[in-house]
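Engineer: Remember, my numbering sits 14 above the position in the sequence shown when you count from 1. Attaching a single structure in structure tokens format; questions to follow.
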Amino acid sequence: MDARWIRADDVSALGRVVSPVLVGRDAELGRLVAAVAAAPSVVVVEGEAGIGKSRLVAELAGREEVAGRRFLVGGCGRIREPFPLGPLVEALRESGGDLAAVTLTPVTGALRGLVPELAPVLPELPEPVADQAAVRHRQYRGLSEVLGALCPAVLVVEDLHWADEQTVEFLTYLLAKPPGGLSVVLTYRGEEVSTAVRAITARPADSVTVGHIGLGPLDAARTRRLAAAILDLDDVSAPFAEQLCERASGLPLAIQELLALLRARGEVIRWEGGWARRALDRLEVPAGVRDPVRERVARLPEGARAVVQAAAVLGIAVPVTALAGVSGLADAADGVDLALELGLLVERDGLVGFRHVLAAQAVYEAVPPARRRVLHARAADAVQVLPQAPLGQLAHHLRQAGRVGEWVETADRAAAQAAELGDAAEAVRLLEDVLRHADVTAERRVALTVRLGWAAIETLKERDIEDLLAAALDHDDLPRRTRGELWFLLALHLDGRTTDLSRRHRAFAEAVADLDDRPDLAAWCMAALGIPTAPQAPIAEHRRWLERALRLAPKVTDPAVRLFVLGVIAMVFAALGDPRWSELAALVERELEDREPEDRELNERELDERVPRRRETYACRALGEELCSAGHFGMAQRLLATALRGTAGHDVSGVEEFRCRVGLSMVAYCRGAWDGLRETIEVLRHAHVSGAYEVRLHAVAACLSPVPGELEQARARLREVVGRQRDLGAVDHLPLTVSVLVRLGAACGEPGAAVAETADVVAMWEAKELWPVGVRTVPALAEALLAAATGNPAGGAVPSGAPAAPMAPEGRAAAVALVERYADRLSGLDAPLAAPALAHARGFLVAAEERWSDAAELFVAAAGGYRELPARYEAAQCDEQAAACRFAALAGAGSDTEAAGRSLLAAIAAYEEMGARWDLDRAMRLARRHGVRPAAARRNGGAAGDVLTERQREVARMAAAGRTNAEIARELFLSPKTVDKHLSAALHRLGLRSRIELRRHMGEG
């Protein structure tokens, strides 16, 4: 071949722009093939736009290692359609022939509306259910079964950064228990993907092989090979490849487009067997794709250019006839053929569109606005006549064409379709878009806003629609029912999203006034108004709302809403010490047990355990959390475990599971079950969930944070958490963090400052009469008040080895008044923390009078009361304080210190087991001062199980029952490595050598 220039008008010489072979990705392709071959598996292919994700996946299908597998391919579109699970529908719609000989269970009949192409091979529709979460769960199970029937198979979902909410939910669900022969390949742009998408592969089933392939830019060497392959040569020059790599930033798509542009310009020449650079230094082409693509399009003949612009505006692959109609050409065949020949467009299954979305965007942005509007109008007309016209695409084109009236109508239909199919997030997007950008009548605006409000409740992602709800309420002559509904929706939207708690309270109150004919919503509002968070509302008002909600609850016909309302009432009753909470909690549990299984499929495999639905799960969780705050730890644990089990039925996103696990972490902290708790919290912190539950998680982490030498850092963390809890109105959760903050302040020599800086939040829960919850802080506050009165930076009333100092009478009086105030207010209330906490505080008061033996008895009594709850951390503190008082009582008397030593050793053992390093360090100093040897704690005999920590006993019990390390790790929210560590420690302490011996020892075999 002679050296020659390639002229721009010689289109036949432009040649291919795509490499015939995959270049520079051998290692990545090998890893992809290996993971897919190891089914069940999931592989993520991540990289920026144009990096070659789709090309890598396309190469997979031709490998021998995956021969015989069905490839089911679907992609997420930049323009959303009101059809949830679009990529799955696309992947499965052509598989009817493969399913014809398969016997499918009735649950797959739920897919008839979702994938109508499969209707001939699917069972009949199952009985309808009202709960949208149950509908989605049914569809997810049906999809999973169909995918299993098509195995061995590879499910490919591309461009997951554009995925709808339900696609993300389903993939998370699928990977928790995938069919054995299924491999899943996911591609997305890392810089655009949400945390929810990343979380899909965070916790797959133990049997799933997980892979992650990150595609980076090509270096100069690989760019050289790619350029040679595209140009059909043995090689190109190194300087040319280096310059090309630099200008394209190593992006394969940009390399391809730059080469096509350079060839079209005649700026590259073949010379003496290689390729040299000509005027490349003068070529002002930025890195990326935009400018090269635009210049290539500008050089096309007018007909081909019109076709390419039409394809860019359409945004999706369409039949050639549709492309011709949008382009405005009587005969578009030549233009289509040329665009295909040059690689600007591609044809798949009779549909023509852009090979890459980046190229489409580059062309679209270069189309003049006036022409773009004309093309969108033609596109709307073309899309309308397509079979099963995509409403999302139609609405998009109508809007861009300026046909506002038609856009509003189409968007309304699309939103209704999305809501009907359970895709609340898409319904919210469509309705919000109309309400913010279209001029519609007041009556219609209100109706659309109500629909928007209800759809927003069902979404996982928070949308800021407060202004739209408020604007609808400003309309005159609203029907009472509509006004009440709007106030209700506004209140729900503000719940957890605002620190203006008074505004949320007012919204619920306004709603109640207009919901006479809606007992379900009215009872919901009344229960919410009974939660003591609004600062200006007296507790008597909250109590009145609770009583009204309790009277109205029997009239609520929806069992889930009724149970939700009862759960909220019981939650507040528990915080107030009203013994009726237990009756309501029993009713909640009984309703869960007796509920008719209307959300089950007929003639299908039974679920492992009956699980509550979404609102019921919320009721269980909220009640469990409040019972934890009030000291009812056993019931709290049971309800939170029930709620966690319930998440399996509807919470595919993992948000509700996260909340339940945060609640269980709080119970673990309060019970003193700290072994493995720090690791659990660290795992949860990677869930990237914001709001009140993020604060609660940080609260537990902050309470665990004090370590020797870092007390000031721990104080700073606790101050921040207390401030955030106060702003959120989480009054019932404040005592836990305040008690640790006050103790740390006293330990840092600032007891008076510790009391002063928490006085406002203490006043908050006292004003709301949350005495059963707030009593937790009384021992810490009493100790700090006494320490401030002595001016002794070493501590409070309990002897610490420092010289005693005179106590200011007003300091002791304040401490006595505090204890007596709580004792008086708690009289007759159901408050399990009251007796041990008040005995604990009184121990400090008596110790301040140096009545050491009496103080020791009070601390011993408090320790016993705490253990019954159980609250092992507080019990250990009382053991330590009892020991200190006994040592003081025996000082100089020459008496036996055995009782004091036993108490101190018990405290040290508990601190050591919990990993409470700050407390352990303090107790060890006391032990050294009095000659107590902590090692003796290991020689105190007892039952074999007593030498194990609580976490070790838990792991040992599950291992003895035959559970694998991976299964134990998943259930306990630990890593398999940590489970192995606990199991090894348990075997060592028990003197056992194997799981078989452990099984015999635990009586399991």
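Note that the Cβ used here is the ideal one computed from N, Cα and C, for glycine as well.
1) Give the secondary structure of serine 197 by DSSP, where H, G and I count as helix, E and B as strand, and everything else as coil.
2) In three-state DSSP terms, what is phenylalanine 97?
3) Tell me which residues share the same chain as leucine 200 and place their Cβ nearer than 6 Å to its Cβ, disregarding the 5 neighbours each side in the sequence.
4) To the nearest angstrom, report how far apart threonine 547 and glutamine 180 are at their CA atoms.
5) Can you pull the DSSP bridge partners for serine 55?
6) Beta carbon of leucine 658, beta carbon of glycine 581: below 7 Å?
7) Just the C-alpha distance for phenylalanine 578 and aspartate 572, rounded to the nearest angstrom, thanks.
8) Just curious, the beta strand (DSSP E) that valine 360 is in, first and last residue?
9) Can you determine whether any heavy atom of the ligand SAM sits closer than 6 Å to the C-beta of leucine 359, and answer yes or no?
10) Can you tell me where the beta strand (DSSP E) holding glycine 172 begins and where it ends?
11) So if DSSP puts glycine 88 in a beta bridge, which residue, or which two residues, is it bridged to?
12) Once the 5 residues before and after valine 946 are set aside, which same chain residues still bring their CB inside 6 Å of it?
13) Would alanine 770 and leucine 725 qualify as a contact pair, given that the criterion is a beta-carbon distance under 7 Å?
14) Mind checking which residues open and close the alpha helix (DSSP H) that includes valine 946?
15) Would you please state the rounded distance, in angstroms, between the beta carbons of valine 129 and valine 103? I believe it to be under 8 Å.
16) Does DSSP put valine 37 in a helix, in a strand, or in coil?
17) State the beta-bridge partners of valine 135 as determined by DSSP.
18) If you follow the beta strand (DSSP E) that leucine 365 is part of, which residue opens it and which one closes it?
19) Tell me, which residues are paired with glycine 228 by DSSP?
20) Identify whether valine 250 lies in helix, strand or coil by the three-state DSSP scheme.
21) Short of 7 Å in beta carbon distance, which residues of its chain neighbour alanine 167, apart from the five on each side in sequence? Order them along the chain.
22) Drop a sphere of 10 angstroms on the beta-carbon of valine 1032, count the other beta-carbons inside from all chains shown, and report buried for 16 or more, exposed for fewer.
23) Give me, in chain order, the residues of the same chain whose beta-carbon lies closer than 8 Å to that of serine 909; leave out the 5 immediate sequence neighbours on both sides.
24) Between the C-alpha atoms of glutamate 555 and tryptophan 779, what's the straight-line distance to the nearest angstrom?
25) Please report how far the alpha carbon of alanine 396 lies from the alpha carbon of valine 350, in whole angstroms.
26) By how many angstroms is the C-alpha of alanine 438 removed from the C-alpha of glutamine 375?
27) Give a yes or no on whether the minimum CB-CB distance between alanine 920 and chain C is below 7 Å.
28) Relative to the alpha-carbon of glycine 110, which residue among Leu750, Val448, Gly38, Leu164 has its alpha-carbon at the smallest distance?
29) Which of the three DSSP states is assigned to valine 129 in this structure?
30) DSSP state of valine 307, grouped into three classes?
31) Starting from cysteine 539, trace the alpha helix (DSSP H) both ways and give me its first and last residue.
32) Could you give the DSSP three-state label for valine 207: helix, strand or coil?
33) Across which residues does DSSP place valine 332 in a beta bridge pair?
34) Please go through the same chain and pick out, in chain order, the residues whose beta-carbon is closer than 7 Å to the beta-carbon of glycine 1017, but skip the five residues on each side of it.
35) Among Val334, Ala336, Leu276, Glu316, which one has its Cα closest to the Cα of valine 307?
36) Report the rounded CA-to-CA distance for alanine 441 versus alanine 469, giving the unit in angstroms.
Structural biologist: Reading from the atomic positions:
1) For the purposes of this step, residue 197 is identified with residue 183 of the sequence shown, where counting begins at 1. In the structure shown, serine 197 sits in a strand (DSSP, three-state: E or B).
2) For the purposes of this step, residue 97 is taken as residue 83 along the sequence shown, with counting starting at 1. Note: phenylalanine 97 maps to coil in three-state DSSP.
3) Counting from one through the sequence shown, the residue named residue 200 turns up at place 186. Cβ within range, chain order: Val58, Val171, Leu174.
4) Stepping through the sequence shown from its first residue, residue 547 is reached at position 533. Stepping through the sequence shown from its first residue, residue 180 is reached at position 166. One C-alpha to the other measures close to 34 Å.
5) Within the sequence shown, numbered from 1, the residue matching residue 55 stands at position 41. Bridge partners of serine 55: Ser197, Thr223.
6) Here residue 658 corresponds to residue number 644 of the sequence shown, with the count starting at 1. Here residue 581 corresponds to residue number 567 of the sequence shown, with the count starting at 1. Contact flag unset, no.
7) Along the sequence shown, one-based indexing puts residue 578 at 564. Along the sequence shown, one-based indexing puts residue 572 at 558. Going by C-alpha positions, phenylalanine 578 is about 10 Å away from aspartate 572.
8) Translated into the one-based positions of the sequence shown, residue 360 becomes position 346. In the DSSP assignment, valine 360 falls within the beta strand (DSSP E) that extends over 359-362.
9) You won't find the ligand SAM in this model; it holds no ligand whatsoever.
10) Reading the sequence shown from its first residue, position 158 is the one you call residue 172. Checking the sequence, you will find glutamate at residue 172 rather than glycine. Going by DSSP, glutamate 172 is part of the beta strand (DSSP E) stretching over 167-172.
11) As a first step, residue 88 is located in the sequence shown; it is residue number 74 there, counting from the start. Looking at the DSSP assignment, glycine 88 forms a beta bridge with Val171.
12) As a position in the sequence shown, residue 946 is number 932, starting the count at 1. The answer, listed in chain order, is Gly915, Leu918.
13) The residue you call residue 770 lines up with position 756 of the sequence shown. The residue you call residue 725 lines up with position 711 of the sequence shown. No, they are not a contact pair.
14) Position 932 of the sequence shown, counted from the first residue, corresponds to residue 946. Segment: none, valine 946 is in no alpha helix (DSSP H) and carries neither H nor E.
15) Along the sequence shown, one-based indexing puts residue 129 at 115. Along the sequence shown, one-based indexing puts residue 103 at 89. Contact between valine 129 and valine 103 holds: CB atoms are separated by about 5 Å, below the 8 Å threshold.
16) Your numbering for residue 37 matches position 23 in the sequence shown. In this structure, valine 37 counts as coil in the three-state DSSP scheme.
17) To locate residue 135, count along the sequence shown from 1; it is residue 121. The partner list for valine 135 (beta bridge, DSSP) is empty, contrary to what the question assumes.
18) Position 351 of the sequence shown, counted from the first residue, corresponds to residue 365. Taken as a continuous stretch (DSSP letters only), the beta strand (DSSP E) holding leucine 365 covers 365-368.
19) Counted from its first residue, the sequence shown places residue 228 at position 214. Bridge pairing for glycine 228: Glu60 [DSSP].
20) On the sequence shown, position 236 is the one that residue 250 refers to. In the three-state reduction of the DSSP assignment, valine 250 falls in the coil class.
21) Counted from its first residue, the sequence shown places residue 167 at position 153. A distance below 7 Å between beta-carbons, with the five flanking residues on each side excluded, links alanine 167 to the following residues of its chain, in chain order: Arg83, Arg84, Leu86, Leu161, Gly195, Leu196.
22) There is no way to answer for residue 1032, as the model of the chain reaches only from 15 to 1019.
23) The residue you call residue 909 lines up with position 895 of the sequence shown. Only weak support exists for where serine 909 lies, its pLDDT of 47 falling under 50; the coordinates are left without a value.
24) Here residue 555 is taken as the residue at index 541 of the sequence shown, counted from 1. Here residue 779 is taken as the residue at index 765 of the sequence shown, counted from 1. Here the alpha carbon of glutamate 555 sits roughly 15 Å from the alpha carbon of tryptophan 779.
25) Here the question's residue 396 lines up with position 382 in the sequence shown. Here the question's residue 350 lines up with position 336 in the sequence shown. Answer to the nearest angstrom: the Cα atoms are 17 Å apart.
26) As a position in the sequence shown, residue 375 is number 361, starting the count at 1. As a position in the sequence shown, residue 438 is number 424, starting the count at 1. Looking at the backbone, the Cα of glutamine 375 and that of alanine 438 are separated by about 28 Å.
27) Chain labels in this structure do not include chain C; a single protein chain is all it has.
28) In the sequence shown, residue 110 corresponds to position 96, counting from 1. For the options Leu750, Val448, Gly38, Leu164, the alpha carbon positioned closest to that of glycine 110 is the one of Leu164.
29) Position 115 of the sequence shown holds residue 129. Coil at valine 129, not helix or strand.
30) As a working note, residue 307 is residue 293 in the sequence shown. In the structure shown, valine 307 sits in a helix (DSSP, three-state: H, G or I).
31) Counting from one through the sequence shown, the residue named residue 539 turns up at place 525. Where cysteine 539 is concerned, the enclosing alpha helix (DSSP H) starts and stops at 533-543.
32) As a working mapping, residue 207 is identified with position 193 in the sequence shown. Collapsing the DSSP output to three states places valine 207 in coil.
33) For the purposes of this step, residue 332 is identified with residue 318 of the sequence shown, where counting begins at 1. Its beta-bridge partners are Val366.
34) Locating residue 1017 in the sequence shown gives position 1003, counting from the first residue. The beta carbon of glycine 1017 lies closer than 7 Å to none in the same chain, with the five residues before and after it left out.
35) Residue mapping note: residue 307 aligns to position 293 of the sequence shown, counting from 1. The shortest C-alpha separation from valine 307 is found at Leu276.
36) Working through the sequence shown from its first residue, we reach residue 441 at position 427. Working through the sequence shown from its first residue, we reach residue 469 at position 455. The straight-line gap from Cα to Cα measures roughly 7 Å.
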